[in-house]
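In the working numbering, the protein residues as written are 9 to 137.
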């Protein structure tokens, strides 16, 4: 096992979450079927699944977020911050340069999962080994 196939978030309102990831973040919606929605992303696949169905599938209660973070790579974090502000999306942390080589901002999705928008920038420090 050396490849992650999917990242799936269990959500309370599938339609609201589809709208957020499709309309606010611009992820191409691929399909929805039986409480499962998949987006056309490169590499690892991204999907949403209705929490109530996930509990049936796993036979265990599913605790709602925000115990996970989704990172989307963007060309310009500052442009995204301006766009999201115009859409009245709450910004948890404004654009900031991180020492590991990203400029980031954070927003919540409808279930409280943290979504990071990240832009690659030159690293400010070299990690010691």
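For glycine and all other residues, C-beta sits at the position ideal for the given N, C-alpha and C.
In this structure, residue 26 sits near residue 45, with a CB-CB distance shorter than 9 angstroms. Apart from sequence neighbours up to five positions away, the residues of its chain that approach residue 78 with a beta-carbon distance below 8 angstroms are 15, 17, 54, 117, 121, 122, 123 and 124, ordered along the chain. The Cβ atoms of residue 127 and residue 110 sit closer than 9 angstroms to each other. Annotation: the continuous alpha helix (DSSP H) that includes residue 91 extends over 85-94. The shortest C-alpha to C-alpha distance from residue 20 to any of 61, 12, 36 and 9 is the one to 61.
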